[in-house]
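A.B. asks:
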Amino acid sequence: MTSVETFVEALAASGLPPLHSRRHSSDDDFRAGVVTADLGPLRLVELVTPEGECFRDARSARAPDEELWQIDLVTRGRVRAEQAGSTAELGPADLVLIDPVRPVRFASTATRSVTMLVPRRSLRLGPDDAARLAGVRIRGDRGPAALVSSLARDLARSVSGFRADEAARSATAVIELIAVALSAQLGDSRPAPDEALRARIAGFIEARLADRDLAPAKVAAAHHMSVRRLHKLFEDEPLTVAALIRQRRLERCHADLARTDRTVAAVAAGWGFADPAHFSRLFKATYGYNPAALTSNNHARVVKARAGQPGEDGGSSAERRSHGTVGRGDERHPGPDERGMEQR
Numbered sequence: 001m002t003s004v005e006t007f008v009e010a011l012a013a014s015g016l017p018p019l020h021s022r023r024h025s026s027d028d029d030f031r032a033g034v035v036t037a038d039l040g041p042l043r044l045v046e047l048v049t050p051e052g053e054c055f056r057d058a059r060s061a062r063a064p065d066e067e068l069w070q071i072d073l074v075t076r077g078r079v080r081a082e083q084a085g086s087t088a089e090l091g092p093a094d095l096v097l098i099d100p101v102r103p104v105r106f107a108s109t110a111t112r113s114v115t116m117l118v119p120r121r122s123l124r125l126g127p128d129d130a131a132r133l134a135g136v137r138i139r140g141d142r143g144p145a146a147l148v149s150s151l152a153r154d155l156a157r158s159v160s161g162f163r164a165d166e167a168a169r170s171a172t173a174v175i176e177l178i179a180v181a182l183s184a185q186l187g188d189s190r191p192a193p194d195e196a197l198r199a200r201i202a203g204f205i206e207a208r209l210a211d212r213d214l215a216p217a218k219v220a221a222a223h224h225m226s227v228r229r230l231h232k233l234f235e236d237e238p239l240t241v242a243a244l245i246r247q248r249r250l251e252r253c254h255a256d257l258a259r260t261d262r263t264v265a266a267v268a269a270g271w272g273f274a275d276p277a278h279f280s281r282l283f284k285a286t287y288g289y290n291p292a293a294l295t296s297n298n299h300a301r302v303v304k305a306r307a308g309q310p311g312e313d314g315g316s317s318a319e320r321r322s323h324g325t326v327g328r329g330d331e332r333h334p335g336p337d338e339r340g341m342e343q344r
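Reminder that position 328 of the sequence shown reads as 328 in this note's numbering, one-by-one numbering, no gaps.
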């Protein structure tokens, strides 16, 4: 164990967000220790602390802490954590999510714990979910949280044995497991309304339409659910997940083709369609005309616009148009029936 001064210095060097302490023990019987280890982007800090209280106020927040989430695991003793109006009474194996930039208060017996500092972007927590999780006890004796507890405890003791590539891959697995445990906690505390969940899934799809591998299985995995659960979630909607992906891709392609001189194949590939022939069939079945019609119309409009520009002799280009240039009567516009199909 170490002296108070050495402990404070080691604590500051660990990267943990700062806390103000009120100890219940004297300096003579002070027993504490800090061991810090990095596993790829994941930092683990094993702490041995005496009985006491500590807190952080809003003035103590640091800019780097805004990029992190703090997950505390108790391995021995008992801890009470208070944040965002929630109080977590923690025993061995229990976890709690702490927002490092918000005020927090801890009170504990003599305790051993492991703190994990996780890049905020890795956990993909929205503001509402974070507010529901901060300062809430996550039981470490069941479900995904039990795996996180066991892994964190073991990693804190053996992380020095990892090669760099092993550390990065292992950190990814641990962070993903933490995300699963947090998602499970959200489900236990208050199931998210289906409508809100569908909206998040739709937003996820919208942001990844260009990904050729985007499919129901990938969407389900990203939201920590089975494909069956995903289909169940959309069973009363006008479109299945696969149909939603297909429709939004077609709509993006239609918009691009109407205002670009890129080829049909290039536009289709840009929105996740690997097979141009398959894309053309889907497009015609949806809109009633081939995608090439849009590029032809776009080209005709460009030619027409250029033809109307003044020539070097002051006359219009239309007056000097050579035989074979696309004229007004040559433009091919989708007819009323075709426009109706596009709207449908």
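No residue lacks a Cβ here, since even glycine has one placed at the ideal position from N, Cα and C.
Pick helix, strand or coil for Arg249, following the three-state DSSP scheme.
C.D. replies: Taking the sequence shown and counting its residues from 1, one reaches residue 249 at position 249. It is helical.
A.B. asks: Can you tell which of Ala110, Thr109, Thr75 has the C-alpha that lies nearest to the C-alpha of Val96?
C.D. replies: Within the sequence shown, residue 96 is the residue found at index 96, counting from 1. Closest by alpha carbon: Thr75.
A.B. asks: When you compare the CB positions of Arg62 and Pro17, do they come within less than 8 Å of one another, or not?
C.D. replies: As a working mapping, residue 62 is identified with position 62 in the sequence shown. As a working mapping, residue 17 is identified with position 17 in the sequence shown. It is a contact, given that the beta carbons lie within the stated cut-off.
A.B. asks: Within 8 Å, do at least three Cβ pairs link the stretch 246–262 to the stretch 200–214?
C.D. replies: With a cut-off of 8 Å, the stretch 246–262 and the stretch 200–214 count as touching, because enough Cβ pairs lie within range.
A.B. asks: Taking C-beta to C-beta, are Phe204 and Val180 nearer than 8 Å?
C.D. replies: Sequence index remark: in the sequence shown, residue 204 carries index 204 (1-based). Sequence index remark: in the sequence shown, residue 180 carries index 180 (1-based). Their beta carbons are not under 8 Å apart, which means Phe204 does not touch Val180 by this criterion.
A.B. asks: Does the Cβ-Cβ distance between Arg248 and Glu195 come in under 8 Å?
C.D. replies: Taking the first residue of the sequence shown as 1, we reach residue 248 at position 248. Taking the first residue of the sequence shown as 1, we reach residue 195 at position 195. For Arg248 and Glu195, no; Cβs fall outside 8 Å.
A.B. asks: Which whole runs of the beta strand (DSSP E) in the stretch 196–243 are 3 residues long or more, in chain order?
C.D. replies: If we require 3 residues or more, the stretch 196–243 turns out to have no beta strand (DSSP E) run fully inside it.
A.B. asks: If you draw a straight line from the alpha carbon of Pro127 to that of Ala81, how long is it in whole angstroms?
C.D. replies: Here the question's residue 127 lines up with position 127 in the sequence shown. Here the question's residue 81 lines up with position 81 in the sequence shown. Rounded to the nearest angstrom, the two C-alpha atoms are 20 Å apart.
A.B. asks: In chain order, what residues of the same chain lie with their CB nearer than 6 Å to the CB of Ser322, ignoring the 5 residues before and after it?
C.D. replies: Position 322 of the sequence shown holds residue 322. The predicted position of Ser322 is uncertain, since its pLDDT is 40 and thus under 50; a value taken from the coordinates is nonetheless stated next. Excluding positions up to five away in sequence, the list is empty.
A.B. asks: Using a Cβ-Cβ cutoff of less than 8 Å, which residues in the same chain neighbour Leu230 once the five nearest sequence positions on both sides are dropped?
C.D. replies: Here the question's residue 230 lines up with position 230 in the sequence shown. Excluding positions up to five away in sequence, the list reads Ile201, Pro216, Val219, Ala220, His223, Val241.
A.B. asks: Once you ignore the five residues that flank Leu257 on each side, which residues in its own chain have a CB closer than 6 Å to its CB?
C.D. replies: On the sequence shown, position 257 is the one that residue 257 refers to. These residues qualify, in order along the chain: Val267, Pro291, Leu294, Thr295.
A.B. asks: Taking the alpha carbon of Gln185 as the reference point, which residue from Gly135, Ser160, Ala173 has its own alpha carbon closest?
C.D. replies: Locating residue 185 in the sequence shown gives position 185, where the first residue counts as 1. Cα-wise, what sits closest to Gln185 is Gly135.
A.B. asks: Pick helix, strand or coil for Asp38, following the three-state DSSP scheme.
C.D. replies: Within the sequence shown, numbered from 1, the residue matching residue 38 stands at position 38. DSSP places Asp38 in strand when its eight states are reduced to three.
A.B. asks: When burial is assigned at 16 or more other CB atoms within 10 Å of the CB, is Ser149 buried or exposed?
C.D. replies: For the purposes of this step, residue 149 is identified with residue 149 of the sequence shown, where counting begins at 1. Counting Cβ neighbours within 10 Å, Ser149 comes out buried, since at least 16 surround it.
A.B. asks: Rounded to whole angstroms, what's the CA-CA distance from Ala88 to Val4? Just pull it up for me.
C.D. replies: The residue labelled residue 88 in the question sits at position 88 within the sequence shown. The residue labelled residue 4 in the question sits at position 4 within the sequence shown. Whole-angstrom Cα-Cα distance: 27 Å.
A.B. asks: Report the three-state DSSP secondary structure of Leu147 (helix, strand or coil).
C.D. replies: To locate residue 147, count along the sequence shown from 1; it is residue 147. Of the three classes helix, strand and coil, the one that applies to Leu147 here is helix, per DSSP.
A.B. asks: Helix, strand or coil, according to DSSP, for Ala107 in the structure here?
C.D. replies: Taking the sequence shown and counting its residues from 1, one reaches residue 107 at position 107. If DSSP states are grouped into helix, strand and coil, Ala107 belongs with the strands.
A.B. asks: Can you tell me whether Ser14 is helix, strand or coil according to DSSP?
C.D. replies: The sequence position of residue 14 within the sequence shown is 14, counting from 1. Here Ser14 sits in coil by DSSP.
A.B. asks: Nearest to Leu177 by alpha carbon, out of His278, Gly161, Val159, Met116?
C.D. replies: Counting from 1 along the sequence shown, the entry for residue 177 is found at position 177. If we check each option's Cα against that of Leu177, Met116 comes out closest.
A.B. asks: Please classify Pro238: is it buried, with 16 or more other beta-carbons within 10 angstroms of its beta-carbon, or exposed?
C.D. replies: The sequence position of residue 238 within the sequence shown is 238, counting from 1. The residue is exposed, with fewer than 16 neighbouring Cβ atoms inside 10 Å.
A.B. asks: Assuming Val45 contacts Thr36 (C-beta within less than 8 Å), just tell me the rounded distance between them.
C.D. replies: As a working note, residue 45 is residue 45 in the sequence shown. As a working note, residue 36 is residue 36 in the sequence shown. Confirmed, Cβ separation roughly 5 Å.
A.B. asks: Quick check on Arg320: buried or exposed, where buried means 16 or more other Cβ atoms within 10 Å of its Cβ?
C.D. replies: Residue mapping note: residue 320 aligns to position 320 of the sequence shown, counting from 1. Residue placement at Arg320 cannot be trusted, given a pLDDT of 41 that sits under 50; what the coordinates show is reported in the next sentence. Classification for Arg320: exposed.
A.B. asks: I'd like to know whether the C-beta atoms of Ala152 and Gly40 end up nearer to each other than 8 Å.
C.D. replies: Here residue 152 corresponds to residue number 152 of the sequence shown, with the count starting at 1. Here residue 40 corresponds to residue number 40 of the sequence shown, with the count starting at 1. Cβ distance not < 8 Å, so Ala152 and Gly40 don't count as in contact.
A.B. asks: Got a sec? Which residues, its chain only, sit under 7 Å from Val118 by beta carbon, not counting five neighbours each side?
C.D. replies: Translated into the one-based positions of the sequence shown, residue 118 becomes position 118. If we look at Val118 and ignore the five residues flanking it on each side, its Cβ neighbours are Leu42, Leu68, Trp69, Ile71, Ile175, Ile178.
A.B. asks: So the alpha helix (DSSP H) Arg132 belongs to, where does it begin and stop?
C.D. replies: Translated into the one-based positions of the sequence shown, residue 132 becomes position 132. Residues 127–133.
A.B. asks: Identify whether Pro50 lies in helix, strand or coil by the three-state DSSP scheme.
C.D. replies: As a working mapping, residue 50 is identified with position 50 in the sequence shown. Three-state result, Pro50: coil.
A.B. asks: So Arg76 is in the beta strand (DSSP E); what residue range does that whole segment cover?
C.D. replies: In the sequence shown, the residue the question calls residue 76 occupies position 76. That run of the beta strand (DSSP E) goes 68–76.
A.B. asks: Kindly indicate which three-state DSSP category Phe162 falls into: helix, strand or coil?
C.D. replies: Numbered from 1 along the sequence shown, position 162 holds the residue referred to as residue 162. Phe162: coil per DSSP, three-state reduction.
A.B. asks: Which residues does DSSP list as the beta-bridge partners of Val114?
C.D. replies: Residue 114 sits at position 114 when you count from the first residue of the sequence shown. The partner list for Val114 (beta bridge, DSSP) reads Glu46, Leu73.
A.B. asks: Val79 lies in the beta strand (DSSP E); which residues open and close that run?
C.D. replies: Translated into the one-based positions of the sequence shown, residue 79 becomes position 79. From DSSP, the beta strand (DSSP E) with Val79 extends over 79–83.
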